[in-house]
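Below is one structure, written out as structure tokens; the observations come after it.
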Amino acid sequence: MAIADVSERSIAELVSLAGRTAVVTGGGRGLGKAIAARLAEAGANVVIGDIDGSLAAAAAEDLGRRSAGRVIGTGMDVTDTASVRAAVSLAEETFGPVGIWVNNAGIFPAVPVPQMSDELWDQVLAVNTRGTFVGSREAARSMTAGGKGGVIVNIVSTAGFKGVAPGLAAYVSSKHAVRGMTKQMAIELAPAGIRVLGVAPTYCVTEGNQLAAAENPDRTSSPEDIPAMLTSRLGRVGVPDDIARAVLFCASDLSMFMTGSTLLVDAGEAA
Ligand SMILES: NC(=O)c1ccc[n+]([C@@H]2O[C@H](COP(=O)([O-])OP(=O)(O)OC[C@H]3O[C@@H](n4cnc5c(N)ncnc54)[C@H](O)[C@@H]3O)[C@@H](O)[C@H]2O)c1
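Numbering (the numbering used here), first residue to last: 15 to 285.
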């Protein structure tokens with residue numbers, strides 16, 4: 015199917031996600047929660063899936079109170095296909111066929127190459143890369159069955175474009191793979207009216223990377239030093255909503271003629 019020409023629609027219509035069903039993986043905290051918040055504010059009905067079900071439930075309750083769309087939370091492990099399918103079924107039964115799927119769940123343990131075990135490599139690839147594949151496949155099935163197409167947004171990283179800090183070989187590899195997957199899935203899913211886009215954030219302060227810094231004192235001198243160390247060209251460190259707004263753009267009809275690309279949200283890092 016040809017993608018709609020939306021030239022005649024107003025800005026408000028283009029940004030609105032009213033009536034759409036969105037799923038955000040790893041949405042219990044950090045970037046995922048901020049993304050869920052903006053999608054729900056734009057009117058989408060959102061399922062927050064997170065391996066920590068209580069975190070997902072708490073995030074849903076928080077966002078549901080202040081959003082146009084409805085928000086529910088569920089336990090979901092992106093490395094477990096049955097669990098991903100259960101989240102899709104929950105979304106379909108509660109809100110209707112999936113229209114927006116955000117592959118955000120990710121892990122970023124820092125272990126130098128000589129010390130990295132096969133198991134850790136496999137775990138990072140299982141969550142970040144296979145989890146993105148499984149989520150996209152299940153979302154594509156729901157979108158195809160719904161007959162209206164949809165948008166899949168993959169949260170990549172600047173680590174999908176280059177090597178970064180020591181200890182991140184598995185992470186950098188996993189994110190390069192997700193950027194490649196974004197291109198390939200865009201080609202394969204376009205005939206079904208499904209657009210696939212990536213968003214590649216630079217460093218943003220989240221619970222996850224503050225914990226990682228605390229656990230790996232060699233990676234940064236201390237969590238408190240991170241903002242001072244990583245102040246961007248734009249004069250401050252990124253916050254989760256900086257990324258969420260880019261995801262909203264990708265998920266909405268504002269980006270209607272885009273698929274396969276990964277948007278850098280890097281405060282000029284690549285400039
Ligand atoms: N924060 C950054 O600076 C940054 C930069 C670039 C890319 N990213 C990417 O953004 C995404 C989110 O990062 P964050 O900083 O918000 O992390 P975070 O650790 O704060 O949040 C990640 C969430 O994912 C959940 N999760 C982990 N494994 C899961 C699994 N198997 N199934 C379902 N949920 C799972 C966690 O419980 C957590 O709630 C990741 O893909 C990360 O690689 C983050």
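We put the CB at the ideal spot given by N, CA and C, even for glycine.
Should residue 60 be listed as close to ligand 1, given that the test is whether its C-beta is under 6 angstroms from any heavy atom?
no
How many Å lie between residue 66 and residue 22 at the Cα?
Rounded to the nearest angstrom, the gap between the Cα atoms of residue 66 and residue 22 is 43 angstroms.
What three-state label does DSSP hand residue 19 in the structure shown?
coil
Short check: CB of residue 118 to CB of residue 169, under 7 angstroms?
Yes. Within cutoff.
Hey, could you find the ends of the alpha helix (DSSP H) residue 257 is sitting in?
254-265
Can you tell me where the alpha helix (DSSP H) holding residue 192 begins and where it ends?
Following the DSSP letters along the chain, one finds residue 192 inside the alpha helix (DSSP H) bounded by residues 183-203.
Roughly how many angstroms lie between the CA atoms of residue 163 and residue 229, to the nearest whole one?
42 angstroms
CA-CA distance, residue 80 and residue 132?
44 angstroms
Alpha helix (DSSP H) containing residue 132: first to last residue?
132-139
Residue 177 by DSSP, collapsed to three states: which one?
coil
What are the boundary residues of the beta strand (DSSP E) that residue 209 is part of?
208-215
Per DSSP, what kind of secondary structure is residue 93 in: helix, strand or coil?
coil
Could you give the residue range of the alpha helix (DSSP H) that holds residue 223?
Where residue 223 is concerned, the enclosing alpha helix (DSSP H) starts and stops at 221-229.
Any heavy atom of ligand 1 within a distance shorter than 6 angstroms of the CB on residue 82?
It does not: the Cβ of residue 82 is nowhere closer than 6 angstroms to a heavy atom of ligand 1.
Strictly by DSSP, which residues pair up with residue 64?
89
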